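K.L.:
The structure follows.
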Amino acid sequence: MSYVRNAWYVAGWSSEFDASLKRVVILEQAIVMYRKADGTVAALEDQCPHRLLPLSKGKLIGDDIQCGYHGMTFNCEGKCVRVPGQDNIPASAFVTNYAVREKHDIVFIWMGDADDAVEDDIFDLPQFHSDQWHAHQGDALHLKANYLNVAENLVDPAHVSFVHPTTLGNAASENVPVHVDTEGEVLVAWRWIRDAPPIGFFQKFGGFKGNVDRWHYYYLHLPCTAVIDFGSADADRNLAEESRDEGVRIFALHFLTPVNEHYTIDRWMHLRNAAVGDEDASIQMDKLFRVAFNEDKEILEAIDEQEQMVQTRKPIRLAIDKGPTVYRRRIDAMVNPDYS
Amino acid sequence: MSYVRNAWYVAGWSSEFDASLKRVVILEQAIVMYRKADGTVAALEDQCPHRLLPLSKGKLIGDDIQCGYHGMTFNCEGKCVRVPGQDNIPASAFVTNYAVREKHDIVFIWMGDADDAVEDDIFDLPQFHSDQWHAHQGDALHLKANYLNVAENLVDPAHVSFVHPTTLGNAASENVPVHVDTEGEVLVAWRWIRDAPPIGFFQKFGGFKGNVDRWHYYYLHLPCTAVIDFGSADADRNLAEESRDEGVRIFALHFLTPVNEHYTIDRWMHLRNAAVGDEDASIQMDKLFRVAFNEDKEILEAIDEQEQMVQTRKPIRLAIDKGPTVYRRRIDAMVNPDYS
Amino acid sequence: MSYVRNAWYVAGWSSEFDASLKRVVILEQAIVMYRKADGTVAALEDQCPHRLLPLSKGKLIGDDIQCGYHGMTFNCEGKCVRVPGQDNIPASAFVTNYAVREKHDIVFIWMGDADDAVEDDIFDLPQFHSDQWHAHQGDALHLKANYLNVAENLVDPAHVSFVHPTTLGNAASENVPVHVDTEGEVLVAWRWIRDAPPIGFFQKFGGFKGNVDRWHYYYLHLPCTAVIDFGSADADRNLAEESRDEGVRIFALHFLTPVNEHYTIDRWMHLRNAAVGDEDASIQMDKLFRVAFNEDKEILEAIDEQEQMVQTRKPIRLAIDKGPTVYRRRIDAMVNPDYS
């Protein structure tokens, strides 16, 4: 399938890379990645142009990769620097070099032409830089599902009551309408559930006993990054929308990496303004998130299978689909700019 | 592939259904089935028209199914009765409803339009209603094979000597010619092996020691139900064809459920006029049938694999193929009535 | 894919065949093979022309095969000799019969029309007939790879330093140029590494301590047989190319059997002029070869997977590719003689 190439995707957490050759597949492209002597991460096409052996099957010599078949050697920019048995190096002896940046312990890769990489597009949040906030990396969730469905699920507050009834949602929110703003670069869908019992998550974190006001804001940064801002505050405080920092506030971040049409990696992490510095709390949150995100995984994988059966009519669209619908339309326009 | 849709197929034994959601796939259609409060069985398209999640991943609330993704709720007729977060229900919010009937502890489903279902076409046998006969349900045999080959095997007495030499056949029958009658609605192939040693089955059930007359009648009810009437009587009685009830007589019933082009479920059961009420005998018969039907399974799965290899000439047809040939021609005509 | 049909392929070692039915797949053709009463090996199309059941699922009766479905019986020439239940045997009731020859405990099969089989084309070597030489059969290495890539690897001395650094090669040879002769029927690529430390293989066999002259000759007999002549002699003897018999000399033979586009069996064996009659040495050599050939397997399977990813440019060709390039061009001409 076609993908948005001119964008940063997450290739992995920083901890996933060292001075060994790691093969990753992103947008159906095979890429070999490794940490260079200077500590930065390199990314090259993972295929020798000679006999197509993945370079990740070869050997790292300094910052160069020697192919494991005939010893052709490429530097970290993809330039061939040695062809054993001959002196001249053909002009076609190179591999694609990808732009890579590391930020907040996350390794981003630009999947378009390296020269077109836009530094300012790398994802960031002010909360990463604040000592009032605590950041913690979770897991890499592998889903046998198309990334478009995974992303749409992340700008869709309406599923929470039904998919996550014991963790992130409960029956109180089933009929609460969803607000959507699709004007800006970032799509947003949100709703407040006012004066209702706290969900499992905020019974555990926040220690709320009486009713609370609870919010869910779903920010979708195209093509593949989602920020879910959710939290709670005592209902009698009647918190204003813009005062969410005064409640217990959590950001769940999802970095989606499309592997191929039916495979997506969702690397998720969280930031919070409570229990700062408390790694025990982080680990307990991970556990709750794991339960919830595996609920999504079950749904999304079942849909992927079902979509592959013969279909005789078009899916119907509901009021709650505004965010997903605009998301897919924008992705289509990014992939095929002529049709937008 | 194309199937005969306007027909009853077996969705399962009655015991397979209760007040939980069960996904079945028949003729490549995904269907969710469950037992309603009134005890009858419902069958709906197993796919929410919104995001395509199988409804079987949802929740049964009374007789309604609530989708596990966004809570759209369908009643047992497939009508949408709730869309959380909006008041109006779109006209396109429905799922297909299938006609279901239960008879003799077997659940039948009509795979065509429910309004076209023909009550009288549901399979029945007078012996089901007689207390001289004992009925017993066997297994659901899963075969990686096309249902047409499985059905043809059930109107084919000639294979018995070679595929089932120790259970249902023996060398005595190898050259005995097969009679075939393809005039009526039900195809019949049969042969009598007169004055020969009893096969394993009738050594065990019937207690025959000397030579017997043995018969095999294969009745194929299109598209997918077979009745194999077989039995034995002492050879010196020289039993007439129409007096088979005077011998030890067994009906093996096969209800074929085509799942897809390469997968068929064969639910088999048996009725007999001997050892009535003796469940120990039923269990011993099951054991013998299991051996025999697994012999068929091995043959039919090997053929299915072989058929997928490149073929350079057409299979040849023999005298024994009259039943199978007419069967396939009639199925073709039912699937493509214009070509008949 | 298309294959060279008019050629002898190895169906197995002699020890693989006895009086039981063995299914093999060669060039995507299913074949049933067995040893006849007279000790020779028969090979027939492994598919009954009636219902396509593999004959290997049937029964050997004398030298005839009785199909396991309806008992059609074929003699060892593929002629039908019995159709149970009918007297006449249709003219179309036959299966293809393949020409088979056994030589040096190897079973060869001619994949073209049996009448076109060319006796003189069966592979042979004078060393098989000499008591100065010791022959020993190794394994059947199964590779998930296209046979063309496997064959090209066998006329490619340049990969040895990189793929087999501890067994068959070492760094001393990395830059030594390769000679290639593609004039004759047999393609040859070779190189001498003069006055260098012995490789692991000849430290073990030969007991060389000081520097040696080492040679590798790769002979590729089209379509699918390779002879790798390699050896060593003390460097101060300065051995002439034609005097290789005076050193420790080993022939590694590879018989490639293409199963399908992505599966090849490489049956390998060795002959040597040292440690004649010493089966312990043979077993130790097997161990070393196994290590080395599994290194090839890892490379070739990784390439096969990588080739199936979307490719946007043509692979580049290097000076070392002369042998492989001519090999593939000749195979193309043999498969499509009109295009040559």
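Protein chains in written order, with this note's numbering: chain B, 1445 to 1784; chain X, 1445 to 1784; chain A, 1445 to 1784. Every residue, glycine too, gets a C-beta built ideally from N, C-alpha and C. Values in this document were obtained by computation on a predicted structure and should not be read as measured data.
If contact is defined by three or more beta carbon pairs under 8 Å, each pair taking one atom from either stretch, is the segment 1647-1656 of chain A in contact with the segment 1722-1732 of chain A?
P.N.:
With the cut-off at 8 Å, the segment 1722-1732 of chain A and the segment 1647-1656 of chain A touch.
K.L.:
Mind listing the chain A neighbours of B:S1536? Cutoff is C-beta to C-beta under 7 Å, in chain order.
P.N.:
Looking up residue 1536 of chain B in the first sequence gives position 92. Those within 7 Å of B:S1536 in chain A are I1760.
K.L.:
Assign B:D1568 to one of two classes, buried (16 or more other C-beta atoms within 10 Å of its C-beta) or exposed (fewer than that).
P.N.:
Position 124 of the first sequence, counting from 1, holds the residue named residue 1568 of chain B. So B:D1568 counts as exposed.
K.L.:
So X:N1655 contacts chain A; which residues on that side make the cut at Cβ distance below 9 Å?
P.N.:
Locating residue 1655 of chain X in the second sequence gives position 211, counting from the first residue. Within chain A, no residue comes near X:N1655; the closest Cβ sits about 21 Å away, beyond 9 Å.
K.L.:
Please name the residue, chosen from A:L1598, A:A1615 and A:Y1513, that lies closest to X:P1609 on a Cα-to-Cα basis.
P.N.:
Stepping through the second sequence from its first residue, residue 1609 of chain X is reached at position 165. Selected option, being the one with the closest Cα: A:Y1513.
K.L.:
Would A:R1757 pass as an interface residue toward chain B - the criterion being a Cβ-Cβ separation below 9 Å?
P.N.:
As a working mapping, residue 1757 of chain A is identified with position 313 in the third sequence. Output row for A:R1757: interface = yes.
K.L.:
Would you grab the beta carbon distance between A:R1526 and A:T1517 for me? Rounded to a whole angstrom, and I think it's under 8 Å.
P.N.:
For the purposes of this step, residue 1526 of chain A is taken as the residue at position 82 of the third sequence. For the purposes of this step, residue 1517 of chain A is taken as the residue at position 73 of the third sequence. Indeed they touch by this definition, with Cβ atoms about 4 Å apart.
K.L.:
For a contact meaning CB atoms closer than 9 Å, what does B:R1449 contact in chain A?
P.N.:
Taking the first residue of the first sequence as position 1, residue 1449 of chain B is located at position 5. Ordered by position in chain A, no residue passes the 9 Å Cβ test against B:R1449, which lies about 13 Å from the chain.
K.L.:
Tell me the rounded alpha-carbon separation between B:L1598 and B:F1733.
P.N.:
Numbered from its first residue, the first sequence carries residue 1598 of chain B at position 154. Numbered from its first residue, the first sequence carries residue 1733 of chain B at position 289. For B:L1598 and B:F1733, the distance between alpha carbons rounds to 14 Å.
K.L.:
What are the boundary residues of the beta strand (DSSP E) that includes B:K1547?
P.N.:
Position 103 of the first sequence, counting from 1, holds the residue named residue 1547 of chain B. Its beta strand (DSSP E) spans residues A1543 to K1547.
K.L.:
Below 9 Å between beta carbons: does that hold for X:G1767 and X:V1632?
P.N.:
By one-based count along the second sequence, residue 1767 of chain X stands at place 323. By one-based count along the second sequence, residue 1632 of chain X stands at place 188. Yes, Cβ-Cβ distance for X:G1767 and X:V1632 is below 9 Å.
K.L.:
Are the segment 1691-1702 of chain X and the segment 1580-1597 of chain X in contact at 8 Å, needing three or more beta carbon pairs?
P.N.:
Touching, per the Cβ criterion.
K.L.:
By the 10 Å Cβ neighbour count, where 16 or more other Cβ atoms means buried, how is B:E1685 classified, buried or exposed?
P.N.:
Your numbering for residue 1685 of chain B matches position 241 in the first sequence. Result: exposed.
K.L.:
When you compare the CB of B:F1572 with every CB in chain X, is at least one pair closer than 9 Å?
P.N.:
Along the first sequence, read from residue 1 onward, the residue named residue 1572 of chain B stands at position 128. Chain X contact via Cβ: absent.
K.L.:
With a 10 Å radius around its C-beta and 16 neighbouring C-beta atoms as the bar for buried, classify A:G1483 as buried or exposed.
P.N.:
Translated into positions along the third sequence, residue 1483 of chain A becomes position 39. Answer is exposed; the Cβ neighbour count stays below 16.
K.L.:
My understanding is that A:V1562 touches A:V1485, with C-beta atoms under 8 Å, so please give their C-beta distance in whole angstroms.
P.N.:
Locating residue 1562 of chain A in the third sequence gives position 118, where the first residue counts as 1. Locating residue 1485 of chain A in the third sequence gives position 41, where the first residue counts as 1. That belief does not hold up - the Cβ atoms of A:V1562 and A:V1485 are roughly 18 Å apart, past 8 Å.
K.L.:
Within the chosen definition, does the segment 1488-1508 of chain X reach the segment 1754-1767 of chain B through at least 3 CB pairs nearer than 8 Å?
P.N.:
In short, these stretches touch, since the Cβ pair count reaches three.
K.L.:
In the DSSP assignment, find the alpha helix (DSSP H) that holds X:I1694 and state where it starts and stops.
P.N.:
Within the second sequence, the letter at position 250 stands for residue 1694 of chain X. It is not in any alpha helix (DSSP H) - X:I1694 instead sits in the beta strand (DSSP E) that spans V1692 to N1704.
K.L.:
Measuring only the C-alpha atoms, how far is A:I1672 from B:K1523?
P.N.:
Locating residue 1672 of chain A in the third sequence gives position 228, counting from the first residue. Locating residue 1523 of chain B in the first sequence gives position 79, counting from the first residue. Each residue's Cα considered, the two are about 34 Å apart.
K.L.:
Comparing alpha-carbon positions, which option in A:I1637, A:L1488, A:G1721 and A:A1584 lies nearest A:S1459?
P.N.:
To locate residue 1459 of chain A, count along the third sequence from 1; it is residue 15. The candidate whose alpha carbon is nearest that of A:S1459 is A:A1584.
K.L.:
When the Cα atoms are used, what is the spatial distance from X:Y1478 to X:T1708?
P.N.:
Counting from one through the second sequence, the residue named residue 1478 of chain X turns up at place 34. Counting from one through the second sequence, the residue named residue 1708 of chain X turns up at place 264. Distance between the alpha carbons of X:Y1478 and X:T1708: 22 Å.
K.L.:
With burial defined as no fewer than 16 other Cβ atoms inside 10 Å of the residue's Cβ, what is the status of A:M1445: buried or exposed?
P.N.:
Locating residue 1445 of chain A in the third sequence gives position 1, counting from the first residue. The residue is exposed, with fewer than 16 neighbouring Cβ atoms inside 10 Å.
K.L.:
List, in chain order, every chain X residue whose beta-carbon is nearer than 8 Å to that of A:K1501.
P.N.:
As a working mapping, residue 1501 of chain A is identified with position 57 in the third sequence. Chain X residues near A:K1501: E1742, I1743 and A1746.
K.L.:
Could one say the Cβ of X:H1586 lies closer than 9 Å to chain B's Cβ atoms, at least one of them?
P.N.:
As a position in the second sequence, residue 1586 of chain X is number 142, starting the count at 1. Not one chain B Cβ lies under 9 Å of X:H1586.
K.L.:
Can you tell me whether A:G1767 is helix, strand or coil according to DSSP?
P.N.:
On the third sequence, position 323 is the one that residue 1767 of chain A refers to. Reduced to three states, the DSSP call for A:G1767 is helix.
K.L.:
What span of residues does the alpha helix (DSSP H) with B:A1595 cover, start to end?
P.N.:
For the purposes of this step, residue 1595 of chain B is taken as residue 151 along the first sequence, with counting starting at 1. Looking at the DSSP string, the run of the alpha helix (DSSP H) that includes B:A1595 is Y1591 to N1597.
K.L.:
On the CB-based measure, 16 or more other CB atoms within 10 Å of its CB, does X:A1602 come out buried or exposed?
P.N.:
Within the second sequence, the letter at position 158 stands for residue 1602 of chain X. Under this definition X:A1602 is a buried residue.
K.L.:
Which residue spans inside the segment 1637-1700 of chain X form an unbroken alpha helix (DSSP H) run of at least 4?
P.N.:
Complete alpha helix (DSSP H) runs here, min 4: 1644-1648.
K.L.:
Pick from A:N1655, A:E1521, A:Q1510 and A:L1612: whose alpha carbon is nearest that of A:G1644?
P.N.:
On the third sequence, residue 1644 of chain A is found 200 positions in, with the first residue counted as 1. Nearest C-alpha to A:G1644: A:L1612.
K.L.:
Exposed or buried, what is B:I1505 when buried is set at 16 or more other beta-carbons lying within 10 Å of its beta-carbon?
P.N.:
Taking the first sequence and counting its residues from 1, one reaches residue 1505 of chain B at position 61. The residue in question, B:I1505, is exposed, as its Cβ has fewer than 16 Cβ neighbours within 10 Å.
K.L.:
On the criterion of 16 or more Cβ atoms from any shown chain inside 10 Å, does B:H1586 qualify as buried, or is it exposed?
P.N.:
Position 142 of the first sequence, counting from 1, holds the residue named residue 1586 of chain B. It is exposed - the Cβ of B:H1586 has fewer than 16 other Cβ atoms within 10 Å.
K.L.:
Under DSSP, the alpha helix (DSSP H) around X:I1566 begins and ends at which residues?
P.N.:
Looking up residue 1566 of chain X in the second sequence gives position 122. Here X:I1566 belongs to no alpha helix (DSSP H), and DSSP marks it neither H nor E.
K.L.:
In this structure, how does DSSP classify A:M1713 when only helix, strand and coil are distinguished?
P.N.:
Here residue 1713 of chain A refers to the residue found at position 269 when the third sequence is read from its first residue. Looking at A:M1713 - three-state DSSP - the assignment turns out to be strand.
K.L.:
If we ignore side chains and look at the alpha-carbon of each, how far apart do A:S1687 and A:E1629 end up?
P.N.:
By one-based count along the third sequence, residue 1687 of chain A stands at place 243. By one-based count along the third sequence, residue 1629 of chain A stands at place 185. Their Cα atoms are separated by approximately 23 Å.
K.L.:
What does the alpha-carbon distance come out to for the pair A:A1481 and A:C1520?
P.N.:
As a position in the third sequence, residue 1481 of chain A is number 37, starting the count at 1. As a position in the third sequence, residue 1520 of chain A is number 76, starting the count at 1. Those two C-alpha atoms are separated by around 11 Å.
K.L.:
List, in chain order, every chain X residue whose beta-carbon is nearer than 8 Å to that of A:Y1412.
P.N.:
Because residue 1412 of chain A is not part of the residues shown, which for chain A are 1445 to 1784, the question remains open.
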